[in-house]
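Visitor: Protein sequence lines correspond, in order, to chains A and B.
With UniProt numbering applied, the first sequence covers 1 to 358.
With UniProt numbering applied, the second sequence covers 1 to 427.
Note that CB positions come from ideal geometry on N, CA and C, so glycine has one too.
One structure is given below, represented as structure tokens, and several questions about it will come after.
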Amino acid sequence: MLYREAGDFKTSYADDSQTFPIRLDRRAYWALMVVALAVVPFVVNDYWVNAIFLPLLIYAIAALGLNILTGYCGQVSLGTGGFMAVGAYSVYKLMTAFPDINIAIHVVLAGFVTAAVGMLFGLPSLRIKGFYLAVATLAAQFFLVWLFNRVPWFYNYSASGQINAPERTLAGFRITGPETQAWATYLFCLVFVLASAWICRNLTRGSIGRKWMAIRDMDIAAEIIGVDPLRAKLSAFGVSSFFIGIAGALFFAVYLGAVEVGEAFGINKSFLVLFMIIIGGLGSILGSFLGAAFMVLMPVLLKNVLVGGLGWPTDLAAHLEFMIVGGLIIFFLVVEPHGMAQLWRVTKEKLRIWPFPH
Amino acid sequence: MKRLITAVALTATLAGPAMAELVFPNLSYRTGPYAANGIPFADGYADYFTLINERDGGVGGEMINMIECETGYNTEKGVECYESTKGQGALLYQPLSTGITYQLIPRVSADGIPMHTLGYGRTSASQGEVFKWIFNYPATYWDGASVAIKYLMDENGGDLSGKKIGLVYHNSAYGKEPIRTLTELSEMHGFELLELPVDHPGQEQRSTWVQVRQQRPDYVIMWGWGVMNQVAIQEAVNIRFPMENFIGIWWSGSENDVMPAGERANGYKALNFHAVGDDFELYDDLEEYVWSAGLGAGAGDQHGTVLYNRGLYAAMIAVEGAKKAQEIHGVSAITPAQMRDGMEQLALTEERMADLGLAGFGPTFEASCTNHGGSGRAAINQWNAETGEWEVLTDYIQSNQDLIERLVEEDAMAYAEENNIELRCQD
Numbered sequence: 001m002l003y004r005e006a007g008d009f010k011t012s013y014a015d016d017s018q019t020f021p022i023r024l025d026r027r028a029y030w031a032l033m034v035v036a037l038a039v040v041p042f043v044v045n046d047y048w049v050n051a052i053f054l055p056l057l058i059y060a061i062a063a064l065g066l067n068i069l070t071g072y073c074g075q076v077s078l079g080t081g082g083f084m085a086v087g088a089y090s091v092y093k094l095m096t097a098f099p100d101i102n103i104a105i106h107v108v109l110a111g112f113v114t115a116a117v118g119m120l121f122g123l124p125s126l127r128i129k130g131f132y133l134a135v136a137t138l139a140a141q142f143f144l145v146w147l148f149n150r151v152p153w154f155y156n157y158s159a160s161g162q163i164n165a166p167e168r169t170l171a172g173f174r175i176t177g178p179e180t181q182a183w184a185t186y187l188f189c190l191v192f193v194l195a196s197a198w199i200c201r202n203l204t205r206g207s208i209g210r211k212w213m214a215i216r217d218m219d220i221a222a223e224i225i226g227v228d229p230l231r232a233k234l235s236a237f238g239v240s241s242f243f244i245g246i247a248g249a250l251f252f253a254v255y256l257g258a259v260e261v262g263e264a265f266g267i268n269k270s271f272l273v274l275f276m277i278i279i280g281g282l283g284s285i286l287g288s289f290l291g292a293a294f295m296v297l298m299p300v301l302l303k304n305v306l307v308g309g310l311g312w313p314t315d316l317a318a319h320l321e322f323m324i325v326g327g328l329i330i331f332f333l334v335v336e337p338h339g340m341a342q343l344w345r346v347t348k349e350k351l352r353i354w355p356f357p358h
Numbered sequence: 001m002k003r004l005i006t007a008v009a010l011t012a013t014l015a016g017p018a019m020a021e022l023v024f025p026n027l028s029y030r031t032g033p034y035a036a037n038g039i040p041f042a043d044g045y046a047d048y049f050t051l052i053n054e055r056d057g058g059v060g061g062e063m064i065n066m067i068e069c070e071t072g073y074n075t076e077k078g079v080e081c082y083e084s085t086k087g088q089g090a091l092l093y094q095p096l097s098t099g100i101t102y103q104l105i106p107r108v109s110a111d112g113i114p115m116h117t118l119g120y121g122r123t124s125a126s127q128g129e130v131f132k133w134i135f136n137y138p139a140t141y142w143d144g145a146s147v148a149i150k151y152l153m154d155e156n157g158g159d160l161s162g163k164k165i166g167l168v169y170h171n172s173a174y175g176k177e178p179i180r181t182l183t184e185l186s187e188m189h190g191f192e193l194l195e196l197p198v199d200h201p202g203q204e205q206r207s208t209w210v211q212v213r214q215q216r217p218d219y220v221i222m223w224g225w226g227v228m229n230q231v232a233i234q235e236a237v238n239i240r241f242p243m244e245n246f247i248g249i250w251w252s253g254s255e256n257d258v259m260p261a262g263e264r265a266n267g268y269k270a271l272n273f274h275a276v277g278d279d280f281e282l283y284d285d286l287e288e289y290v291w292s293a294g295l296g297a298g299a300g301d302q303h304g305t306v307l308y309n310r311g312l313y314a315a316m317i318a319v320e321g322a323k324k325a326q327e328i329h330g331v332s333a334i335t336p337a338q339m340r341d342g343m344e345q346l347a348l349t350e351e352r353m354a355d356l357g358l359a360g361f362g363p364t365f366e367a368s369c370t371n372h373g374g375s376g377r378a379a380i381n382q383w384n385a386e387t388g389e390w391e392v393l394t395d396y397i398q399s400n401q402d403l404i405e406r407l408v409e410e411d412a413m414a415y416a417e418e419n420n421i422e423l424r425c426q427d
């Protein structure tokens with residue numbers, strides 16, 4: 001009734017295989033794009049950008065990256081925090097070594113560095129699977145954090161071992177450093193998110209994505225039908241780490257501006273991103289966004305309601321926050337084990353035939 | 001939908017009427033692995049402001065509005081707290097976290113809001129020519145390192161050559177802070193420095209203390225915080241390390257750190273830059289106006305502890321800075337920029353502290369355009385497990401100012417160059 005596809009005829013293959021086959025979805029998508037690109041930049045302030053949009057967008061990229069590896073290719077990884085650290089430290093080294101080159105190029109290069117590191121740590125995946133692989137990537141997590149803490153070259157020999165993002169610009173607008181404009185950093189990250197989502201969507205529905213999914217569903221069968229596991233797995237590690245590296249680079253350079261590797265990129269970060277894709281939906285682009293939104297916005301929302309709205313003590317609110325977010329995670333997983341993306345898919349199916357379910 | 005709810009909740013919180021009041025955000029942490037130390041500080045901080053509001057009717061007639069925000073010692077939440085409070089007219093930030101301090105130094109400098117890091121944060125921020133908005137008096141980490149070594153020198157008749165000193169530190173910007181100074185000092189005095197990092201949050205230290213047992217350092221200095229302190233002291237007890245040779249920085253010397261190890265923590269030493277206990281006139285006022293009136297923060301079980309006193313001290317400096325600012329500018333509703341002027345011209349003398357009911361509470365110091373770091377003096381306290389009290393062993397010991405000034409100058413100038421900062425106070 002409200003949500004229908006009657007009269008929406010596809011007359012070409014391109015029409016039929018588009019990302020949003022239903023007109024209503026397409027319109028909603030374009031409306032969202034217009035709001036995100038043309039309305040939000042004019043109304044955001046520092047609080048909205050620094051406390052809500054930047055973490056949301058950056059975690060969405062990280063979740064997209066991990067979803068490629070875990071959701072599409074079936075390789076469980078607990079090394080996300082470590083790979084984000086690689087992105088952050090590469091962008092830092094690049095920013096300080098080549099101050100005149102614009103920041104966007106550095107961020108992309110940091111993604112490539114991380115992709116190379118990711119493929120290196122992906123090599124064990126050719127021999128080990130499942131939980132054992134998770135443990136191997138866990139080793140990557142601890143090794144990388146230890147490395148960045150240990151070798152002073154990575155933090156340019158600063159006394160505190162911290163890295164601080166110097167001011168860098170893109171086309172004359174400040175993107176990093178303390179004197180940025182809210183809209184500039186927002187748009188910068190948004191462009192990366194849109195590009196990442198677009199690339200991920202197109203990779204996963206092309207031949208390479210099908211290979212990943214074949215490996216995920218049953219690797220021996222995939223090998224028999226002609227999928228090279230070496231290439232498929234390593235490409236998944238590479239592509240996944242590329243996006244995670246970009247997320248790490250943005251996380252450090254644009255969002256926080258100063259990080260300490262153990263605190264910002266510890267094992268907690270790996271779990272956080274993994275929870276995002278599990279709650280959002282494994283093997284779903286939309287799921288990555290929903291999961292990131294849930295994990296980033298829920299605590300902020302609860303804090304604002306409990307402390308700001310109801311005036312409760314901050315410690316009580318913080319404890320309740322853990323309990324409510326934890327409870328909601330369990331609730332969502334019980335109601336729909338395949339995540340919020342599946343919940344949305346089911347809702348959509350129901351809406352399409354509503355009000356005549358038979 | 002979710003975004004809509006957030007929007008509604010946010011506008012409801014942010015759109016309050018703009019009242020003429022002094023806003024002091026309290027970036028506290030009452031949860032997480034650092035809560036044991038965060039709670040007493042936050043309680044003391046809040047209680048002092050409550051006292052000023054209840055007893056004096058605010059500062060110069062302006063009521064204090066303290067906005068508490070839970071950071072959990074986490075930098076991302078710290079950023080959220082900073083952004084959500086800065087729009088409400090925040091006058092001074094005291095984040096009680098070196099990590100968040102590093103995060104906020106560029107931000108507060110860009111936004112023009114002063115930040116006071118009481119004996120923590122970036123040491124070289126004591127150089128006021130470069131760090132206009134940051135204050136870290138009365139003492140810095142490098143002062144702490146120097147005082148600890150000076151004390152050990154006195155213990156050993158002025159000679160530390162051939163001795164081995166271990167540094168057990170929180171593997172973060174905070175814990176790494178003293179290494180610079182200790183390395184210089186080890187070359188100067190000929191002792192060997194053994195670096196023993198402990199990773200966040202510091203619950204797992206078995207390997208560190210096995211190393212201590214193997215390497216047998218003569219002394220161990222600790223830069224720990226939160227649960228790391230309790231674990232380290234317990235582990236030191238377990239390997240029977242002599243407690244009187246174990247010295248913590250001022251953040252590793254509260255009751256909550258030594259209590260869990262019980263009797264055997266007896267003799268553990270820690271630095272401190274203010275007095276302990278509740279034997280001050282101010283405490284009578286706190287009893288009368290805050291606690292018995294039921295306005296005390298938290299559970300009210302922390303009164304007179306080291307970190308509660310430090311919270312009082314931090315709040316007292318904030319209030320004194322605000323008074324000074326009101327005096328300089330002749331207005332009661334001060335702006336953050338005026339608050340900064342007040343902080344920069346703050347002088348804490350014996351008479352002033354006595355007037356406040358805190359006679360002999362801390363070292364005297366006088367801030368200036370160039371000096372944001374105070375006098376750099378600290379005392380050694382020792383834990384007496386029997387009475388359950390910290391005993392003051394020494395007077396305030398002056399740190400090695402020549403060395404520290406040189407190191408601060410180096411670090412601050414490097415920062416100024418990196419960030420194109422023009423030096424102030426040149427005339």
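May I ask you to list, following chain order, the residues of the region 89-118 of chain B that have a beta carbon less than 7 Å from some beta carbon of chain A?
Guide: 99, 102, 103, 106, 107, 109, 110
Visitor: Consider the Cβ of residue 75/B: report whether some Cβ of chain A lies at a distance smaller than 9 Å.
Guide: yes
Visitor: Going by DSSP in three states, residue 276/B sits in which element: helix, strand or coil?
Guide: coil
Visitor: Is residue 242/A helix, strand or coil when you go by DSSP?
Guide: helix
Visitor: Check residue 164/B in the structure and name its three-state DSSP category.
Guide: strand
Visitor: Can you find a heavy atom of the ligand COA that lies under 8 Å from the Cβ of residue 254/B?
Guide: What this structure holds is no ligand at all, so the ligand COA is not there to describe.
Visitor: Comparing the C-beta of residue 419/B with each C-beta of chain A, is any distance below 9 Å?
Guide: yes
Visitor: So the candidates are 411/B, 394/B, 203/B; which of them puts its Cα closest to the Cα of residue 157/A?
Guide: Ranked by how close their Cα comes to the Cα of residue 157/A, the residues 411/B, 394/B, 203/B have 411/B in first place.
Visitor: Residue 165/B to residue 47/B, Cα distance in whole Å?
Guide: Whole-angstrom Cα-Cα distance: 39 Å.
Visitor: Quick one: any contact between the region 194-212 of chain B and the region 141-154 of chain B, if contact means 3 or more CB pairs under 8 Å?
Guide: no
Visitor: Would DSSP call residue 1/B helix, strand or coil?
Guide: Confidence at residue 1/B is low in this model, with a pLDDT of 43, below 50, so its placement is unreliable and no value can be given for it.
Visitor: Could you check if residue 357/A is buried or exposed, using at least 16 other CB atoms within 10 Å of its CB as the buried criterion?
Guide: exposed
Visitor: In its own chain, which residues sit with a C-beta less than 7 Å from the C-beta of residue 193/A, not counting the 5 before and 5 after it?
Guide: 57, 60, 61
Visitor: Would you tell me roughly how many angstroms separate the C-alpha atoms of residue 327/B and residue 116/B, rounded to the nearest one?
Guide: 20 Å
Visitor: Less than 8 Å between C-beta atoms, sequence neighbours within five positions excluded: which residues of the same chain meet that for residue 130/A?
Guide: 76
Visitor: Entirely within the region 9-83 of chain B and at least 3 residues each: give me those beta strand (DSSP E) ranges in chain order.
Guide: 22-28, 64-70
Visitor: Where does the unbroken alpha helix (DSSP H) through residue 197/B begin, and where does it stop?
Guide: Careful: residue 197/B lies outside any alpha helix (DSSP H), inside the beta strand (DSSP E) at 192-198.
Visitor: From which residue to which residue does the beta strand (DSSP E) around residue 247/B run?
Guide: It spans 246-248 - the beta strand (DSSP E) in which residue 247/B sits, taken as one unbroken run.
Visitor: Since residue 218/A is in the alpha helix (DSSP H), which residue starts that stretch and which ends it?
Guide: Note, residue 218/A: premise wrong, no alpha helix (DSSP H); not H, not E.
Visitor: Could you tell me the alpha carbon to alpha carbon distance between residue 63/A and residue 315/B, rounded to whole angstroms?
Guide: 42 Å
Visitor: Against chain A, with Cβ distances strictly below 9 Å, would residue 212/B count as a contact?
Guide: no
Visitor: Can you list, in chain order, the residues of its chain whose CB lies under 6 Å from that of residue 365/B, leaving out five sequence neighbours each side?
Guide: 137, 138, 348, 374, 375
Visitor: Could you check which residue in 308/A, 276/A, 287/A has the C-alpha nearest to that of residue 326/A?
Guide: Taking only the C-alpha atoms, the option nearest residue 326/A is 276/A.
Visitor: Inspect the beta-carbon positions of residue 78/B and residue 425/B and report whether they are closer than 9 Å.
Guide: no
Visitor: What residues are listed by DSSP as bridge partners for residue 397/B?
Guide: 378/B
Visitor: According to DSSP, is residue 98/A part of a helix, a strand, or is it coil?
Guide: Correct three-state label for residue 98/A: coil.
Visitor: Please list the partners that residue 31/B has in chain A, where partner means a Cβ-to-Cβ separation under 7 Å.
Guide: Using a Cβ-Cβ cut-off of 7 Å, residue 31/B is close to 315, 318, 319 of chain A, given in chain order.
Visitor: Please report how far the alpha carbon of residue 2/B lies from the alpha carbon of residue 300/A, in whole angstroms.
Guide: Per-residue confidence for residue 2/B stands at a pLDDT of 46, beneath the threshold of 50, marking its modelled position as unreliable; the derived number appears in the next sentence. For residue 2/B and residue 300/A, the distance between alpha carbons rounds to 11 Å.
Visitor: Residues of chain A with a CB under 8 Å from the CB of residue 21/B: which are they?
Guide: The contacting residues do not exist; residue 21/B stays about 17 Å from chain A at best.
Visitor: Helix, strand or coil, according to DSSP, for residue 423/B in the structure here?
Guide: coil
Visitor: Using a Cβ-Cβ cut-off of less than 8 Å, list which residues of the region 161-190 of chain A approach chain B; keep chain order.
Guide: Those residues of the region 161-190 of chain A that come within reach of chain B (Cβ to Cβ, closer than 8 Å) are 161, 162, 164, 166, 167, 177, 178, 179.
Visitor: I want to verify the contact list: residues of chain A whose CB lies under 9 Å from the CB of residue 428/B, in sequence order.
Guide: No information on residue 428/B is available, as it lies outside the stretch 1 to 427 that chain B covers here.
Visitor: Measure the alpha-carbon distance for residue 351/A versus residue 84/A and round it to whole angstroms.
Guide: 39 Å
Visitor: Please confirm whether residue 149/A has its beta-carbon closer than 9 Å to some beta-carbon of chain B.
Guide: yes
Visitor: Measure the C-alpha to C-alpha separation of residue 313/A and residue 295/B and round it to an integer number of angstroms.
Guide: 13 Å
Visitor: Give me, in chain order, the residues of the same chain whose beta-carbon lies closer than 6 Å to that of residue 237/A; leave out the 5 immediate sequence neighbours on both sides.
Guide: 118, 119, 122
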